[in-house]
Amino acid sequence: MTPLRRLRRSPGRIALVLLAGEIAAALVLAAVGVEERRAARGDPAAAPALTASLQLTDLTLWSAASYCRHPSQADVFAAHGEHPAAPDHFPDGSMVAPPLVSLRDGGWPGGTVEP
Amino acid sequence: MNHHLRILDAAVAALLRCRTKTIVIMAVYSLLVALLASLLLYVKTLRTESQRLLATAPEVVVQRQRGGRHELVPVAWADSIRAIRGVAEATPRVWGYIYDVPTGANFTFWGASSVPDSALQLQDGEMIGPDSTGTCVVGQGVADVRFLGVGDRLPLKAADGSLYAPRVIGIFTAESALLTNDLVVLSTADLRRIFGMEAGVATDIAVSVRNPNEVDTVARKIQKAWPDVRTVTRRQILQTYDAVFDWRGGVWAALLLSTVLAFAVLVWDRATGMSAEEYHSIGILKAVGWTSREVLELKLLEGGIVSAGSLLTGLVAAQIHLVVFDGAVFSRVLRGWSVLFPPFEVAPALDAYTLLVCLPLAVVPYLAASLMPAWRAAVTDPDSIIRS
């Protein structure tokens, strides 16, 4: 009996082949991921060297407010002092939406662009 | 071996008999594993990147505070800090933010005289030199939202209300976007002019320390000399990011966990309450000569196929979510209210931690829930099972 015919007559073997396929897919995707990240990083030494030379302290992930742009440089209580809706920095920041005026027309009271 | 393969065949055949139920259970299980694995891998990628990129951040940053608010620090303090034993260099930094009304984005303005070639990550153009004035280098995000190219001008309103429009001479690459996306780097003199900051003061002072073991001692000495300062060490910077990502991941994990628990209760309820048909089929297997051990192996393989299949499908789905869709489910939450969000590669590297967290979730509850009633049935007299 050929291996293919044996496989066709055994649902257990088909299940094993499918599981092995999934393991292979997971490994291939992991390898693709590692390669993509390596390509995206470019020269691995350049970005840390830029941090050192510009003396940067924070990532540019959140730029909505100073304590979010530079969380490591902000006071631990800065979010409450400056803005009621700390963008995802503190637990309450995610629960309380900012007042609409702060999201509209540059955040000037009354909704005007210039004071 | 052949014997076990036959039992495996019987297990797959049993699962295929209740096809819809098996597919639904595997789909829900896979979805849960995919969400959890995506979350773990996403947060891990962010944490790894933050640790890598900020490993060279200043060892100590000295900020002055007045009434709990940030205050400009005298540049002359840098000389006194340099005199502290163990300090290699103290550099006054000039930086701040300008809210860009047309785009609704906050730009970070950074004063720098020059950047060494080894650190240069410019997509286009050149870096500002020690004597350059009226020029700037911008991050990819700034260039995108303001449609800037090399040679264009970036109009800004200075502190005195006058218009200042430095010429863009370089744009940072997307590779460094996590550091530079919203940056506008100008010469320190230009930045002082925009911010209306006098020459004798700076935003804060970055201190480098010769021996890493002495960082805390140096920070303590600085705080003792100037009681109104706050020091931020590199360790604290890295810990801040750990805490931020832990919290974000934790909130999601808490939400996911309730779903996982609800599903586990459902599976438990279904599996422990074995149907009369399943009970009957075990009785028949026993009656035709299957031993209790073989019946248990059959049930173990049934559970194993469902669990392992769900686990692997979930992991593959998580990787596709991160590699192909760049973690679309989580990026909205992570982005928050930010207008400028750096593009970054969340391509995952599967690790033992993720597997160890997902494995008990997918494998243990289902296996336990399907084995226990099967064991009860397997040790019962087949005659009484069939008659019942």
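Going down the list, the protein sequences come from chains Y and L. Sequential numbering of the first sequence, starting at 1, is according to my numbering. Sequential numbering of the second sequence, starting at 1001, is according to my numbering. Glycine included, C-beta positions come from ideal geometry on N, C-alpha and C.
Helix, strand or coil for residue i? Go by DSSP, reduced to three states.
i, result
"Thr57(Y)", "coil"
"Ala1308(L)", "helix"
"Asp1100(L)", "strand"
"Asn1181(L)", "coil"
"Gln1239(L)", "helix"
"His1004(L)", "helix"
"Leu1163(L)", "strand"
"Val1346(L)", "coil"
"Ala1055(L)", "coil"
"Arg1153(L)", "strand"
"Asn1213(L)", "helix"
"Ala1088(L)", "strand"
"Ala65(Y)", "coil"
"Val1379(L)", "coil"
"Cys1018(L)", "coil"
"Arg1146(L)", "coil"
"Gln73(Y)", "coil"
"Asp1246(L)", "helix"
"Val1265(L)", "helix"
"Gly1303(L)", "helix"
"Pro1227(L)", "coil"
"Pro109(Y)", "Confidence is the limiting factor: at Pro109(Y) the pLDDT is only 43, short of 50, which leaves the residue's position unreliable, though a coordinate-based value still follows. Helix at Pro109(Y)."
"Val1075(L)", "coil"
"Val1316(L)", "helix"
"Pro1360(L)", "helix"
"Ala45(Y)", "coil"
"Gly1289(L)", "coil"
"Gly33(Y)", "helix"
"Phe1195(L)", "helix"
Please name the residue or residues paired with residue i in a DSSP beta bridge.
i, result
"Asp1204(L)", "Arg1093(L)"
"Thr1233(L)", "Val1060(L)"
"Leu1186(L)", "Gly1111(L), Cys1136(L)"
"Gln1065(L)", "His1070(L)"
"Ala1105(L)", "Asp1100(L)"
Does the beta carbon of residue i sit closer than 9 Å to a beta carbon anywhere in chain Y?
i, result
"Val1323(L)", "yes"
"Leu1035(L)", "no"
"Pro1305(L)", "For the record, residue 1305(L) in the displayed sequence is Ile; it is not Pro. Cβ-Cβ to chain Y under 9 Å: yes for Ile1305(L)."
"Gln1236(L)", "yes"
"Val1061(L)", "yes"
"Ser1132(L)", "no"
"Thr1045(L)", "yes"
"Trp1226(L)", "no"
"Arg1376(L)", "no"
"Asp1204(L)", "yes"
"Val1073(L)", "no"
"Thr1108(L)", "yes"
"Asn1181(L)", "yes"
"Gln1319(L)", "yes"
"Ile1007(L)", "yes"
"Ala1010(L)", "yes"
"Pro1212(L)", "no"
"Arg1066(L)", "no"
"Thr1135(L)", "no"
"Gly1141(L)", "yes"
"Ser1050(L)", "yes"
Pop quiz: residue i and residue j are said to be a contact at Cβ under 8 Å. What is the actual Cβ separation, rounded to whole angstroms?
i, j, result
"Thr1203(L)", "Gly1096(L)", "6 Å"
"Ala1219(L)", "Val1060(L)", "5 Å"
"Ser10(Y)", "Leu1340(L)", "Between Leu1340(L) and Ser10(Y) the Cβ distance is about 57 Å, and since that is not below 8 Å, they are no contact."
"Leu1183(L)", "Val1244(L)", "Incorrect: roughly 20 Å between the Cβ atoms, too far for contact."
"Leu1312(L)", "Ala26(Y)", "6 Å"
"Ala1347(L)", "Arg41(Y)", "With a Cβ gap of about 10 Å, Ala1347(L) and Arg41(Y) do not count as contacting."
"Leu1031(L)", "Leu1256(L)", "No, Leu1031(L) and Leu1256(L) are not in contact; Cβ-Cβ is about 11 Å, not under 8 Å."
Taking 9 Å as the CB-CB limit, is residue i close to chain L?
i, result
"Arg13(Y)", "yes"
"Val32(Y)", "yes"
"Arg37(Y)", "yes"
"Arg5(Y)", "no"
"Ser63(Y)", "yes"
If we define contact as Cβ-Cβ less than 9 Å, is residue i a contact residue for chain A?
i, result
"Ser1176(L)", "Of the chains in the structure shown, none is chain A; the protein chains are Y and L."
Runs of 4 residues minimum, wholly inside the stretch 3 to 31 of chain Y: which ones carry the alpha helix (DSSP H) assignment?
The stretch 3 to 31 of chain Y contains these whole alpha helix (DSSP H) runs: 3 to 8.
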